């Protein structure tokens, strides 16, 4: 028989597929090991305990609030939804497939035969507690490989039926995936190598909150599950717990206002009280960046002795003189916003203000001081990952609050938040 005989080739392929399936069935028959749960060994124990407490308390409050609005679910719906979470059926099947060489080969063959699948991925992603967006990626993978997944979980002899999802659970998985997409953009943005700055973070956070409100209220009329809407309400409550403290300082709002493509218009579009913000930033500017007194000569506009007034104009390469009225906060706030494409021509908002240092020195100095402030003194990987924190291994008889305060003060020193030690000394004197 010819090696290239079509019927012979098809027969060998069929035999290979059957042998792979038989090997997987045989391995499943001998598999008596219980499912391994996601390891929490790499999670900081104090952080895990704190997170669990926060989630339980916030969720209880969200359940009460949503019940008042008529959004409830049954005990059966809750049990059914628990199988959709990445730590249950989705992660369980991914672990079984990837931990078994026979199941892995069988799954890859199913993927190759599925003509509806696109891309090069051929393995299920499972939930990893220390990995960014792990919930999203595991659900995304499960949905992408829906055909092979249903084939595996529907095969009686593979003993994977307990990982099968019902039609309603698949619908819930799709909804959960769509909602978790909300978090992909900010987490990927904040996980970049460069430290995110305050003026970059605040718009991201407010956009995140607005999208969560859309989910909670089902604004887009997607017929969302009550469980997902209640989850969004709980997420909003956690969000407000932390974002609420941010408004105690005017640093964040000032940083956004000093973005020439936003100014007060950005806050107006988000329905903030811009009169309050205007007063805050004007007072701060006058206090921290005072102008020359009336008794001081205006050296920027004064004509040097011995030179004609006509030679002060039309000089190639001469720097533009400082116009006092242009270097006022009131003038800056009243002028139209700078289009984003203009800022891109400068290379960004910080290069833009560097270019303005000669023409508007006070405004430019204030803008650069606030716009270059990092959003957090904690490195992004520690802030967003569930990994073990180093504080437990380094504090040595130091309380966590003392350690956190020490790190915060160290990162704030020599910035507008803490320009010198006088503020610290005054606080200590008041306490002592």
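Numbering (our numbering), first residue to last: 217 to 648. We treat Cβ as the ideally placed atom computed from N, Cα and C, and that holds for glycine. Keep in mind the model is a prediction, meaning the values are calculated, not measured.
For residue i, which three-state DSSP category applies?
| i | result |
| --- | --- |
| residue 413 | strand |
| residue 590 | strand |
| residue 469 | helix |
| residue 403 | helix |
| residue 432 | helix |
| residue 474 | coil |
| residue 359 | helix |
| residue 348 | coil |
| residue 320 | helix |
| residue 585 | helix |
| residue 277 | helix |
| residue 505 | coil |
| residue 646 | helix |
| residue 544 | coil |
| residue 489 | coil |
| residue 657 | Since the first residue shown for the chain is 217 and the last is 648, residue 657 is missing from the structure and cannot be characterised. |
| residue 640 | helix |
| residue 390 | helix |
| residue 364 | helix |
| residue 305 | helix |
| residue 460 | helix |
| residue 314 | helix |
| residue 455 | helix |
| residue 551 | coil |
| residue 332 | coil |
If you draw a straight line from the C-alpha of residue i to the C-alpha of residue j, how long is it?
| i | j | result |
| --- | --- | --- |
| residue 279 | residue 385 | 21 angstroms |
| residue 347 | residue 340 | 15 angstroms |
| residue 484 | residue 291 | 43 angstroms |
| residue 630 | residue 636 | 6 angstroms |
| residue 554 | residue 480 | 12 angstroms |
| residue 390 | residue 293 | 16 angstroms |
| residue 351 | residue 399 | 10 angstroms |
| residue 414 | residue 588 | 8 angstroms |
| residue 639 | residue 357 | 52 angstroms |
| residue 226 | residue 328 | Per-residue confidence for residue 226 stands at a pLDDT of 38, beneath the threshold of 50, marking its modelled position as unreliable; the derived number appears in the next sentence. So the alpha carbons of these two residues sit roughly 15 angstroms apart. |
| residue 562 | residue 325 | 52 angstroms |
| residue 516 | residue 582 | With a pLDDT of 43 at residue 516, under the threshold of 50, the modelled position of this residue cannot be trusted; read the value that follows with caution. If I take the Cα positions, the gap works out to 19 angstroms. |
| residue 335 | residue 342 | 18 angstroms |
| residue 623 | residue 646 | 22 angstroms |
| residue 374 | residue 486 | 54 angstroms |
| residue 642 | residue 546 | 32 angstroms |
| residue 420 | residue 451 | 15 angstroms |
| residue 434 | residue 397 | 16 angstroms |
| residue 338 | residue 482 | 44 angstroms |
| residue 620 | residue 412 | 20 angstroms |
| residue 557 | residue 568 | 12 angstroms |
| residue 277 | residue 269 | 13 angstroms |
| residue 628 | residue 544 | 27 angstroms |
Identify every residue that forms a DSSP beta bridge with residue i.
| i | result |
| --- | --- |
| residue 567 | Looking at the DSSP assignment, residue 567 forms no beta bridge with any residue, so it has no partner. |
| residue 631 | 634 |
Can you round the beta-carbon distance between residue i and residue j to whole angstroms, since I take them to be within the 8 angstroms contact cut?
| i | j | result |
| --- | --- | --- |
| residue 432 | residue 445 | 5 angstroms |
| residue 466 | residue 496 | 5 angstroms |
| residue 418 | residue 468 | 5 angstroms |
| residue 403 | residue 349 | 6 angstroms |
| residue 312 | residue 319 | 6 angstroms |
| residue 632 | residue 585 | 5 angstroms |
| residue 565 | residue 559 | 6 angstroms |
| residue 288 | residue 442 | 6 angstroms |
| residue 493 | residue 473 | 7 angstroms |
| residue 354 | residue 426 | Residue 354 to residue 426, Cβ: 26 angstroms. No contact. |
| residue 430 | residue 436 | 6 angstroms |
Going by alpha carbons, who is nearest to residue i out of the options?
| i | options | result |
| --- | --- | --- |
| residue 166 | 415, 585, 470, 448 | As displayed, the chain neither begins before 217 nor continues past 648, which places residue 166 out of reach and without an answer. |
| residue 273 | 556, 577, 501, 454 | 454 |
| residue 590 | 498, 297, 471 | 471 |
| residue 305 | 344, 364, 378 | 378 |
| residue 439 | 422, 374, 387 | 387 |
| residue 488 | 474, 463, 475, 500 | 463 |
| residue 330 | 362, 307, 642, 543 | 362 |
| residue 577 | 557, 552, 556, 548 | 548 |
| residue 394 | 428, 423, 645, 421 | 428 |
| residue 310 | 369, 333, 285 | 369 |
| residue 383 | 371, 345, 646, 366 | 366 |
| residue 316 | 281, 451, 376, 297 | 376 |
| residue 364 | 345, 333, 372 | 333 |
| residue 579 | 618, 556, 501 | 501 |
| residue 392 | 277, 491, 297 | 297 |
Counting only beta-carbon separations shorter than 7 angstroms, does residue i have a partner in chain B?
| i | result |
| --- | --- |
| residue 467 | Annotation note: the requested chain B is absent from the structure, which comprises a single protein chain. |
The ligand FMN and residue i: does any heavy atom of the ligand fall closer than 6 angstroms to the residue's C-beta?
| i | result |
| --- | --- |
| residue 489 | In the structure on display, the ligand FMN does not appear, and there are no ligands present to speak of. |
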